[in-house]
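One structure is given here, and the rest of the page talks about it.
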Amino acid sequence: MATTSVSTTGSPGALPVWVRVLLGIVFILVGLFVLGDVVLATIISTIVIGLCAIIGGVFEIIHAFWTKGWGGFAWQIFLGLLYIVGGAVLVSQPVSGSLILTYVLGIVLLVSGCVRLFVGVRYWAEAGWLLFLSGVFGILAGLVILAGWPATGLWVIGFLLGIDLIFHGVGWLLLAMQPAARLA
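If you're matching positions, the sequence shown starts at 60 in my numbering and goes up one per residue.
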């Protein structure tokens, strides 16, 4: 006789409530831990991003040789080397790397905020005001990061990571509080 695993929500394959609560608590605690030393979290994040860039660059070069007949071979090699060099800089100089990453983040937030403002005004009748508001927050965040740079380069990434982890944990806790019928 076959048995199926049914969680406390009543739907097969859904996470039991206690797992959702546990995930929520763990994410919140880890987020608080990260917020306890945002500089260290920023440095570690920069090293991890650098390692990922190096791995991506190596695979880009390997892919260039696998697909030599597709064209763009030289560009793929160049891109792979660029990833490797950029990743090596982040890994070998994580403080400088975090400054660079934070500066780029500030610029991206500023530019994307301006674009969201424009699109929000254009589509105002279709709830574009939400996009407009999002653009205002993006611009403000970008300005705060850039105005405080280079000092913000040492803590912003870790701070954003800690806040993200806490919100992720709160999300799991809110999901755990949902009635079983709505999750099925």
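Here a beta-carbon is modelled for each residue, glycine too, at the ideal position from N, C-alpha and C.
If you're wondering where the values come from, they're calculated on a predicted model, not measured in any experiment.
Nearest-angstrom beta carbon gap, residue j and residue i [assumed within contact, 8 Å]
i, j, result
"Val-97", "Gly-207", "At roughly 13 Å, the Cβ-Cβ gap does not stay under 8 Å, so Val-97 and Gly-207 are not in contact."
"Gly-179", "Phe-191", "3 Å"
"Leu-149", "Gly-156", "4 Å"
"Gly-212", "Leu-158", "4 Å"
"Ile-102", "Val-154", "7 Å"
"Tyr-246", "Ile-113", "A query on residue 246 cannot be resolved here, the shown segment of the chain reaching from 60 to 243 and no further."
"Val-89", "Leu-224", "5 Å"
"Val-80", "Leu-232", "6 Å"
Boundaries of the alpha helix (DSSP H) in which residue i is found, first to last residue
i, result
"Gln-135", "132-151"
"Leu-233", "215-235"
"Gly-119", "In the sequence as displayed, the identity of residue 119 is Glu instead of Gly. Per DSSP, Glu-119 belongs to the alpha helix (DSSP H) from 97-125."
"Ala-210", "Per DSSP, Ala-210 belongs to no alpha helix (DSSP H) and is neither H nor E."
Burial state of residue i (16 or more Cβ within 10 Å)
i, result
"Thr-126", "exposed"
"Gly-197", "buried"
"Glu-185", "exposed"
"Gln-237", "exposed"
"Val-93", "buried"
Pairwise C-alpha distance: residue j and residue i
i, j, result
"Tyr-182", "Leu-189", "10 Å"
"Gly-46", "Ala-235", "Since the first and last residues shown for the chain are 60 and 243, residue 46 lies out of range."
"His-122", "Ala-133", "12 Å"
"Gly-230", "Phe-86", "10 Å"
"Leu-91", "Leu-168", "24 Å"
"Leu-99", "Leu-160", "15 Å"
"Pro-209", "Gly-146", "20 Å"
"Val-170", "Leu-205", "12 Å"
"Val-163", "Cys-173", "15 Å"
"Gly-95", "Phe-124", "45 Å"
"Gln-135", "Val-215", "32 Å"
"Val-195", "Gly-130", "42 Å"
"Ile-120", "Ser-193", "38 Å"
"His-227", "Phe-118", "31 Å"
"Leu-82", "Ser-104", "21 Å"
"Val-144", "Ile-166", "22 Å"
Contacting residues, own chain, Cβ-Cβ under 6 Å from residue i (five flanking each side not counted)
i, result
"Ala-240", "Per-residue confidence for Ala-240 stands at a pLDDT of 43, beneath the threshold of 50, marking its modelled position as unreliable; no derived number is given."
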